[in-house]
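Taking it in order: structure first as structure tokens, then the write-up.
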Amino acid sequence: MRSGHLDPIDRAIVAALQRGVPTVERPFAELAASLETTEEAVVARLARLIDAGVVGRFAPMLDAEKLGGAVTLCAVAVPADRLEEVAARLAALPEVAHNYERAHRFNMWFVLAVERPEQLATAIARIEAETGLAVLDLPKLEEYRLELVLPV
Amino acid sequence: MLDPVDRRILVASQDGLPLCVEPFAELARALGLPQTELLDRLRRLRERGVIRRIAAVPNHYRLGFLANAMTVWDVDDREVSRLGPEVGALPFVSHCYRRPRRPPDWPYNLFAMVHGRSRAETEGHRAEIAALLGNACRASDVLYSTRILKKAGLRLALEPPASPEMSACSA
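Respectively, the protein sequence lines represent chains A and B. Residue 69 in my numbering is what sits at position 69 of the first sequence, and the numbering runs on without skipping anything. Residue 1059 in my numbering is what sits at position 59 of the second sequence, and the numbering runs on without skipping anything.
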């Protein structure tokens, strides 16, 4: 199932579910009714979308700061022949929430998310020690938009 | 911050809720909690903002958004707090933040994530941001993502991380 193979009901389900479900006993009931289908059909399609990698996971999205923790964006300039090694080291650290390769001198960009603010400095020091690379630490100073919903 | 029951709920659900018509009933059974207590706790966590929402995380690429870029801008410090929200309000911008410059390596202080179905579409979005920023912007760059290397979100462990105050007390 590539993007071209999503039918309009799949797209409506992804669009609705990225905004979230209510915290009720039957969270898919309203969506199923609006699509004139059954909750079982919505769940079956969601399972298929997850299998196909269109949806990464269906879960509570947590806010590290509201938990008393902290988040920062980091970048490293990784030599081309070390990309896989450094990516694997970062993937192994639980503090790394996500990591993207980007076309730039700073070619690896990752977000650290931790439950206690002091864990950020520890994680950055550890990454610098393990990789020998300088980490650019770019914490947010102001948030103008955090809206993960994409038009589907 | 999280009591042990809240933590068990979040650890048990962070990789994904059960895929069934009554996922909270299923999760409650697995945790040995009454469903009403589970739902009450989830609602309270949402009210506190600890849970932003209970939702699907889409893969941009698989949805046809093939040109995902971090656009970065060096915007006059006197203007950035006024212009940032305007950039953030553009429909193709998913995240927008002010971050520190790190001279000489990194001269940019405004970050806007932009998504398009093609590079041409994304470059058009970028031109729109440039026009909005006008003379307040001294330099800019664009960093297209070429690979998702990890996408997990904040990870909670069943045991909370040790606090430095506690380790100081026990020392």
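Using N, Cα and C, we set each Cβ at its ideal position, and we do this for glycine too. Quantities reported herein were computed from a predicted structural model and do not represent experimental measurements.
So the candidates are the options; which of them puts its Cα closest to the Cα of residue i?
i                          : options                                    : result
arginine 57 of chain A     : B:Pro1160, B:Val1080, B:Lys1151, B:Arg1101 : B:Lys1151
arginine 970 of chain B    : A:Cys74, A:Glu30, A:Asp63, A:Ala80         : The question about residue 970 of chain B has no answer here: the residues shown for chain B are numbered 1001 through 1171.
alanine 134 of chain A     : A:Val78, A:Glu25, A:Glu40, A:Val43         : A:Val78
alanine 1130 of chain B    : B:Val1072, B:Ile1009, B:Leu1154, B:Arg1044 : B:Val1072
aspartate 1074 of chain B  : B:His1125, B:Pro1058, B:Trp1106            : B:Trp1106
leucine 1066 of chain B    : B:Leu1158, B:Glu1159, B:Ile1148, B:Ala1162 : B:Ile1148
alanine 47 of chain A      : B:Arg1044, B:Gly1032, B:Cys1020            : B:Cys1020
asparagine 1059 of chain B : B:Phe1111, B:Asn1068, B:Glu1128            : B:Asn1068
arginine 89 of chain A     : A:Ser34, A:Glu65, A:Pro60, A:Gly132        : A:Gly132
leucine 49 of chain A      : A:Glu85, A:Ala91, A:His104, A:Ile9         : A:Ile9
leucine 1090 of chain B    : B:Gly1124, B:Ala1028, B:Arg1044, B:Gln1035 : B:Gly1124
glutamate 143 of chain A   : B:Ala1030, B:Phe1092, B:Leu1110            : B:Leu1110
alanine 80 of chain A      : A:Glu40, A:Ala103, A:Pro94                 : A:Ala103
arginine 1117 of chain B   : B:Arg1098, B:Arg1099, B:Asp1141, B:Phe1092 : B:Phe1092
leucine 1143 of chain B    : B:Leu1031, B:Tyr1108, B:Arg1062, B:Thr1036 : B:Tyr1108
leucine 31 of chain A      : A:Leu83, A:Ala44, A:Ala16, A:Arg45         : A:Ala16
Per DSSP, residue i is paired with what?
i                        : result
threonine 72 of chain A  : A:Leu112
serine 1145 of chain B   : A:Arg102
serine 1140 of chain B   : B:Trp1073
glycine 1016 of chain B  : Per DSSP, none; premise fails for glycine 1016 of chain B.
proline 1058 of chain B  : A:Val55
tyrosine 1219 of chain B : No answer is possible for residue 1219 of chain B: the residues shown for chain B start at 1001 and end at 1171.
glycine 1116 of chain B  : B:Ala1067
methionine 61 of chain A : B:Arg1053
arginine 1102 of chain B : B:Trp1106
aspartate 137 of chain A : A:Cys74
Let me confirm a value: residue i is counted as buried when at least 16 other C-beta atoms fall within 10 Å, else exposed. Which label applies?
i                          : result
glycine 1049 of chain B    : exposed
serine 1013 of chain B     : buried
serine 1145 of chain B     : buried
asparagine 1135 of chain B : exposed
valine 1005 of chain B     : exposed
serine 1094 of chain B     : buried
leucine 141 of chain A     : exposed
histidine 5 of chain A     : exposed
methionine 1001 of chain B : exposed
serine 3 of chain A        : Note on serine 3 of chain A: pLDDT 46, under 50, position unreliable in the model; no value is reported.
proline 1085 of chain B    : exposed
alanine 87 of chain A      : buried
proline 1034 of chain B    : exposed
glycine 1153 of chain B    : buried
alanine 1139 of chain B    : exposed
arginine 1126 of chain B   : buried
leucine 1027 of chain B    : buried
proline 53 of chain A      : Looking at the sequence itself, residue 53 of chain A is glycine, so the reference to proline does not match. Glycine 53 of chain A is exposed by the Cβ-count criterion.
glutamate 128 of chain A   : exposed
glutamate 115 of chain A   : buried
threonine 1036 of chain B  : exposed
alanine 1171 of chain B    : Because alanine 1171 of chain B sits at a pLDDT of 35, beneath the cut-off of 50, its placement in the model cannot be relied upon, and the following sentence gives the value as read from the coordinates. Alanine 1171 of chain B comes out exposed.
Any Cβ of chain A within less than 8 angstroms of the Cβ of residue i?
i                          : result
lysine 1151 of chain B     : yes
leucine 1143 of chain B    : yes
asparagine 1135 of chain B : no
glutamate 1159 of chain B  : no
alanine 1055 of chain B    : yes
arginine 1099 of chain B   : yes
valine 1114 of chain B     : no
arginine 1155 of chain B   : yes
proline 1104 of chain B    : no
proline 1107 of chain B    : no
histidine 1095 of chain B  : yes
glycine 1124 of chain B    : no
Are any of the Cβ atoms in chain B nearer than 8 angstroms to that of residue i?
i                        : result
aspartate 63 of chain A  : yes
leucine 73 of chain A    : yes
threonine 23 of chain A  : yes
alanine 97 of chain A    : yes
proline 139 of chain A   : yes
glutamate 39 of chain A  : yes
proline 117 of chain A   : no
glutamate 128 of chain A : no
valine 76 of chain A     : no
glycine 132 of chain A   : no
alanine 59 of chain A    : yes
glutamate 143 of chain A : yes
leucine 120 of chain A   : no
proline 27 of chain A    : yes
leucine 31 of chain A    : no
valine 43 of chain A     : yes
valine 14 of chain A     : yes
So residue i contacts chain E; which residues on that side make the cut at Cβ distance below 9 angstroms?
i                         : result
threonine 1146 of chain B : Protein chains A and B are contained in the structure displayed, whereas chain E is not.
Can you find a heavy atom of the ligand FMN that lies under 7 angstroms from the Cβ of residue i?
i                             : result
phenylalanine 1111 of chain B : In the structure on display, the ligand FMN does not appear, and there are no ligands present to speak of.
Taking a cut of 8 angstroms between CB atoms, which residues from the segment 1035-1053 of chain B lie near chain A?
Gln1035, Leu1039, Leu1042, Arg1043, Leu1045, Arg1046, Arg1048, Gly1049, Val1050, Ile1051, Arg1052, Arg1053
Interfacial residues, the segment 1002-1036 of chain B to chain A, with Cβ spacing under 8 angstroms:
Hits within the stretch, in order: Leu1002, Leu1010, Ser1013, Gln1014, Asp1015, Gly1016, Leu1017, Leu1019, Cys1020, Val1021, Glu1022, Pro1023, Phe1024, Ala1025, Gln1035.
Which residues, in order along the segment 78-106 of chain A, keep a beta-carbon less than 7 angstroms from a beta-carbon of chain B?
Ala87, Leu90, Ala91, Pro94, Val96, Ala97, His98, Asn99, Tyr100, Glu101, Arg102, Ala103, His104
Which residues, in order along the segment 46-57 of chain A, keep a beta-carbon less than 8 angstroms from a beta-carbon of chain B?
Leu46, Ala47, Leu49, Ile50, Ala52, Gly53, Val54, Val55, Gly56, Arg57
Cβ-based contacts, 7 angstroms cut-off: residues of the segment 1057-1081 of chain B near chain A
Val1057, Pro1058, Asn1059, His1060, Arg1062, Leu1063, Gly1064, Phe1065, Met1070, Ser1081
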